[in-house]
Amino acid sequence: SRIMMRLSGLSSRLTEMTDQMNQMEENITALATKVNRFIGTGQDRISNRAIRRITSKVNQLQDKVNSLTQLLNENECNSNPCKNGGTCTDTYNGFICNCPSNWEGPTCDSDINECARYAGTSLGCQNGATCINTLGGYSFTYPHEKEVQRCCGDQGGHGIGPPLPIQRLGNFSSKTIRTSKLHCGGAASCWKMILGCKSSI
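Spelled out as structure tokens, the structure:
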């Protein structure tokens, strides 16, 4: 997948940067050795100005190595940046969120509009049902409440009582149905027949 390809690329980049850091540390050691050899030996003695210039470069190089080391060691996932059930993968100086199917965005905080995404497909509502996008999901309503209730009753549905506020059937729900996923029995098939919507039951 695209995320796995990005992670593989980031892993290669991290390995490359680690090798570069090791090389930089070797360069620092070599420069420090030269500075120590030149100072106060009497042989191959260089001017104080040249010593200060080399020392400054060594210090700058050391600061860069320390900064890179800190960025490599810091885990940006510790702050839990991924919302709504997203899983976090730490990267160099950043992170990647792997979002659930109903959320998107860099931190999984943007709701996916399933009504628009599934319109015209077998996952969308059909035969007059109205799709309502909700945060983290979607639901639908159907205008013929009595027809749904009568069908559930005729097929021996159980648990029929006062209408409940949005009873979910698989991936769909309605404010008009009088039965729940666990107590509808054969009514679930009737629901699918009338509304033309599929259920995970």
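Counted the way UniProt numbering counts, the sequence shown spans residues 1 to 201. Glycine included, each C-beta is placed from N, C-alpha and C at the ideal position. Source: prediction; values computed, not measured.
For the pair residue 108 and residue 84, the CB atoms are nearer than the 8 angstroms cut-off. Bridge partners of residue 133 according to DSSP: 138. For the beta strand (DSSP E) assignment, the uninterrupted runs of no fewer than 3 residues enclosed by the stretch 23-99 are, from N- to C-terminal side, 87-91, 94-98. Rounded to the nearest whole angstrom, the C-alpha separation of residue 96 and residue 68 is 19 angstroms. According to the DSSP assignment, residue 115 belongs to the alpha helix (DSSP H) that extends over 114-118. Under the three-state reduction of DSSP, residue 109 is assigned to coil, being neither helix nor strand. Restricting attention to 132, 141, 93, 128, the CA atom closest to the CA of residue 111 is found in 132. With a cutoff of 8 angstroms on beta-carbon distance, residue 65 and residue 21 are scored as near each other.
Rounded to the nearest angstrom, the Cβ distance from residue 10 to residue 141 is 45 angstroms, too far for a contact under 8 angstroms.
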